[in-house]
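Below is one structure, written out as structure tokens; the observations come after it.
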Amino acid sequence: MSAALHRLPTELVELTCILGALSKADISSLRLVCRQLAKQVTPAFFQVYLDTITTDLSPKSLSRLEEISQHAQARQAVRTLVIDGMLSLPTELGSIELGQNIPGPWHRSSQGFLEPPFPAEIERLLHHTLIGGLPNCRSFVLSDNDGEKEGVNIDWVPLSDILALLLHCISEYRLPIKSFAIDFTILETEMIDITRFSTDVYRSSRFEEVWANHLQDLYLNFNDLRDLDRVQDFVTTIVARARNLRKLSLNFSAGFNADLVNDLLSFSPAWRPPLYYLSIRHVIFKDVDQFLGFLSLFRDTLRCFSSRLLGLRTGSWRQALPALTQTLPHLDELDIGSFSECIRISQHRLQLNYCYFCPIRNEPYPEDLELIAKAPKRGALITGVKYKGRSVDTVLELLVKTGYVFTRDGKISWSEQ
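Numbering-wise, our numbering puts 161 at position 108 of the sequence shown, and it's gapless, one number per residue.
Shown next as structure tokens:
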């Protein structure tokens, strides 16, 4: 927030301009232009550089957030807050609890859940910065690897506790959140400890009211097998209570996601959000009916479908893909690939055979169709397609016509199954 030219002392500006051989009229015009330029450019500057801001909840980072929230123009520009941290720390550093670098006591229940009152700096973040200080900040991202980190690992905070704080803020202060993302991408930190907060936080009537009325985008990307029942309860609840979703992205472990699909189907017809974008990853569906039944929940609104690593029984994809446009009549954008066919070897083991579409190169296909290759080089295996347009039917027919699968018995065309 450094001083602008139009705020400098008049004598200094005049001296500078006189030395540059400017007339008094030119000096006046220059000051007027500077003032107008600052008025026009400053909001645009803030919109570009402060649209998304990142914090690790360290005192220095929280101080910067508070400064932004007190600036009349800067505070209006912030749309997204990324909260960045670590789920776990190297063993040689020992166990580090949330808030070790923040002065003030942290209170926990006998079950180990965070509970108010929180340290003063966190209270200011929740009460003043998020609620009133950043009036347009309605998108929140919890990330394990975003932006530059300040300090060393021992200053970072567990993301499970940060998640608990955000859920508390949404519930207690009715924060009108529009977009929410849990994006954990580092393999070593994919697991989030749901047991660090109470189910009451996301099952309360206050939370449900805010979540159902305001949330439009939900992105979940993490794995957790330590307490599968609790995790599934958490995910199913926050997804099923988001009744006004426009965009939904789900990326979990395969077995977990299949159970999640069953749970969400059980919420119908109460849960039929007006989705226009759906992205799902790592799902092995029970059969074609379950796959199409899940998509049919969004029949009236879905326009874009994205998927990776979806699995069906052998021979099922050639039935499922042509039925997509019947199930989703408004579909006009695809980003699909990495299909697999599943053979059950034992009660707890599946064999996955992956599907490819290499012959599609030799077929006439729409100009806007983008082929997804396993490796970005000539002759690479084609695993899927990206397409946006009015010929979704044609694209799906091409996939069925050219699809094949590698098995222990060799290459088998879909048409031969």
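Every residue gets a Cβ at the ideal spot worked out from N, C-alpha and C, and that includes glycine.
If you're wondering where the values come from, they're calculated on a predicted model, not measured in any experiment.
Exercise. Out of curiosity, what's the CA-to-CA distance linking S302 and Q123?
Worked result: Along the sequence shown, one-based indexing puts residue 302 at 249. Along the sequence shown, one-based indexing puts residue 123 at 70. Whole-angstrom Cα-Cα distance: 34 Å.
Exercise. For Y255, is the classification buried or exposed, using 16 other Cβ atoms within 10 angstroms of its Cβ as the cut-off for buried?
Worked result: The residue labelled residue 255 in the question sits at position 202 within the sequence shown. Around the Cβ of Y255, a 10 Å sphere holds 16 or more other Cβ atoms; the residue is buried.
Problem set entry | Complete beta strand (DSSP E) runs within the region 353-392 (minimum length 3 residues, chain order) | 357-366, 386-390
Exercise. Quick one: complete alpha helix (DSSP H) runs, 4+ long, within the region 244-314?
Worked result: Annotation: the region 244-314 contains the following complete segments of the alpha helix (DSSP H) (minimum length 4 residues), in chain order: 253-256, 258-267, 281-293.
Exercise. Which of the three DSSP states, helix, strand or coil, is assigned to E420?
Worked result: Mapped onto the sequence shown, residue 420 falls at position 367. The answer is coil: DSSP assigns E420 none of H, G, I, E or B.
Exercise. Thinking just about the alpha-carbon of each residue, which of F260, E119, Q285 is nearest to the one in I247?
Worked result: For the purposes of this step, residue 247 is taken as the residue at position 194 of the sequence shown. It is Q285.
Problem set entry | S391 versus T95: straight-line alpha-carbon distance, rounded | Here the question's residue 391 lines up with position 338 in the sequence shown. Here the question's residue 95 lines up with position 42 in the sequence shown. If you take the alpha carbons of S391 and T95, they lie about 46 Å apart.
For this session: Put Y102 into one of helix, strand or coil per three-state DSSP.
Result: Here the question's residue 102 lines up with position 49 in the sequence shown. Of the three classes helix, strand and coil, the one that applies to Y102 here is helix, per DSSP.
For this session: Hey, could you find the ends of the beta strand (DSSP E) K439 is sitting in?
Result: For this step, residue 439 is matched to residue 386 along the sequence shown. Unbroken beta strand (DSSP E) run through K439: 435-441.
Exercise. In its own chain, which residues sit with a C-beta less than 8 Å from the C-beta of L218, not counting the 5 before and 5 after it?
Worked result: To locate residue 218, count along the sequence shown from 1; it is residue 165. Only L167, F171, I175, L179 meet the Cβ criterion.
Exercise. With distances taken between CB atoms, is the gap from L355 to Y440 smaller than 7 Å?
Worked result: Position 302 of the sequence shown, counted from the first residue, corresponds to residue 355. Position 387 of the sequence shown, counted from the first residue, corresponds to residue 440. No, the pair does not count as a contact, with Cβ atoms beyond the cut-off.
For this session: Let me know the secondary structure DSSP gives D462 once reduced to three states.
Result: As a working mapping, residue 462 is identified with position 409 in the sequence shown. DSSP places D462 in coil when its eight states are reduced to three.
Exercise. By DSSP, does V131 sit in helix, in strand, or in coil?
Worked result: Indexing the sequence shown from 1 puts residue 131 at position 78. Note: V131 maps to coil in three-state DSSP.
Problem set entry | For T182, the nearest candidate out of C222, R161, P156 (CA to CA) | In the sequence shown, residue 182 corresponds to position 129, counting from 1. With distances taken between Cα atoms, T182 lies closest to C222.
For this session: Whole angstroms is fine: what's the gap from L452's alpha carbon to V458's?
Result: Working through the sequence shown from its first residue, we reach residue 452 at position 399. Working through the sequence shown from its first residue, we reach residue 458 at position 405. About 12 Å.
Exercise. What is the DSSP secondary structure of N189, reduced to helix, strand or coil?
Worked result: For the purposes of this step, residue 189 is identified with residue 136 of the sequence shown, where counting begins at 1. Here N189 sits in coil by DSSP.
For this session: List the endpoints of the continuous alpha helix (DSSP H) containing R117.
Result: To locate residue 117, count along the sequence shown from 1; it is residue 64. Counting along the chain, the unbroken alpha helix (DSSP H) around R117 starts and ends at 112-122.
Exercise. Is N304 buried or exposed, if buried means 16 or more other CB atoms sit within 10 Å of its CB?
Worked result: Here residue 304 refers to the residue found at position 251 of the sequence shown. Label assigned to N304: buried.
Problem set entry | Cα-Cα separation between F250 and L228, rounded to whole angstroms | In the sequence shown, the residue the question calls residue 250 occupies position 197. In the sequence shown, the residue the question calls residue 228 occupies position 175. Approximately 19 Å, taken between the alpha carbons.
For this session: Would you grab the beta carbon distance between R396 and V438 for me? Rounded to a whole angstrom, and I think it's under 8 Å.
Result: Position 343 of the sequence shown, counted from the first residue, corresponds to residue 396. Position 385 of the sequence shown, counted from the first residue, corresponds to residue 438. The question names Arg, but residue 396 is Ile in the sequence shown. Actually they are not in contact, since the Cβ atoms of I396 and V438 sit about 25 Å apart, beyond 8 Å.
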